[in-house]
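Visitor: Numbering (the UniProt record's numbering), first residue to last: 1 to 215. Cβ coordinates follow ideal geometry from the N, Cα and C atoms, glycine included. Pasting a structure here, questions to come.
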Amino acid sequence: MIKGVIFDLDGTLLDSMTVWSSIDREFLDENGVKDIPPDISDIVKKMTVDESSQYFIDRFGLSCTKEYVIHRIEEMVRDRYENKIPLKPHAAEVMDFFDSRGIPYGVATATYKGLAEAALRRCGVYERIGFLLTDREYPQGKNFPDIFLGGAEILGTQPCDTLVIEDSLHCIETARAAGFVTVGVYDPVSEADSKDIMKICDHYVRSLDEIINII
């Protein structure tokens, strides 16, 4: 029986993955990097913000500080999070369902905390979530289960009765290895991983409203 839920943010609750698939190239181009690898977004998607910023400096010989990279990328995406990025279809409907069942939920994300909060507030759902955990609290990111375990602790649940809803393969791998019940959510940006996601997750949905049939 599911007693609590941990949502991912980008690609799961927010229709925002195309922002991140383009921002890396925009930043590197702005800083004079030529011959940017076509798979650069795939390379850094498993990294925390801190790790990816240092990677850009080391890989491309940038003369700026890690703090500058972090700040500049946040600047570049801020307008989109504060004013443009929408909820994915049926996100609010699924929250309504969990509310009707008395099932608490929160969000765990690698996105900058300020941006995540701004988008959730604008979309009218920030006050509904029980927590917002980011790599500010868990700097190891989602390659380690701590952020999910922290969410379960806040929810007052055990991994075996906590649903983790994610669109990224490595995040699902981490959550499942820690004993959580996992739901893989289709997102066009992660389509290349969809077959692998379907193999390892407990449930797979192409639309968030399908989650209602799982509980």
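1. Can you tell me whether Val19 is helix, strand or coil according to DSSP?
2. Just to check my reading of the structure: Thr12 and Glu166 have Cβ atoms closer than 8 Å, yes? What is that Cβ distance to the nearest angstrom?
3. Pull up the distance between the alpha-carbon of Thr109 and that of Ile214, whole angstroms please.
4. In this structure, how does DSSP classify Glu137 when only helix, strand and coil are distinguished?
5. Check whether the Cβ atoms of Ser168 and Ser190 sit closer than 8 Å, and answer yes or no.
6. Can you find the residues in the same chain that come closer than 6 Å, C-beta to C-beta, to Leu9, ignoring five residues on each side of it along the sequence?
7. Would DSSP call Phe155 helix, strand or coil?
8. Would you list the residues sitting across from Asp10 in a DSSP beta bridge?
9. For His170, name the three-state secondary structure that DSSP assigns.
10. Enumerate in chain order the residues of its own chain whose CB-to-CB distance from Tyr126 is below 8 Å, with the five nearest sequence positions on each side excluded.
11. Span of the alpha helix (DSSP H) holding His203?
12. In this structure, how does DSSP classify Leu62 when only helix, strand and coil are distinguished?
13. According to DSSP, which residues form a beta bridge with Ile165?
14. Quick test of the definition: if touching needs 3 or more C-beta pairs under 8 Å, does the stretch 86 to 94 touch the stretch 43 to 62?
15. Kindly indicate which three-state DSSP category Val107 falls into: helix, strand or coil?
16. Using 8 Å as the threshold, is the C-beta distance between Pro104 and Gly130 below it?
17. Asn83: which of Asp15, Tyr204, Asp99, Ala192 sits nearest, CA to CA?
Guide: Taking the geometry as given:
1. For Val19, the three-state secondary structure derived from DSSP is helix.
2. 6 Å
3. Each residue's Cα considered, the two are about 23 Å apart.
4. It is coil, neither helix nor strand.
5. yes
6. Val107, Thr109, Thr111, Ala116
7. Here the sequence assigns Leu to residue 155, which means Phe is not the residue at that position. DSSP places Leu155 in helix when its eight states are reduced to three.
8. Leu14, per the DSSP bridge assignment.
9. In the three-state reduction of the DSSP assignment, His170 falls in the helix class.
10. Glu117, Leu120, Leu132
11. Element bounds for His203: not the alpha helix (DSSP H) but the beta strand (DSSP E), 203 to 205.
12. coil
13. Phe7, Val183
14. Touching, no, given that fewer than three Cβ pairs across the two stretches are closer than 8 Å.
15. strand
16. Between Pro104 and Gly130, the CB-CB gap stays under 8 Å.
17. Asp15
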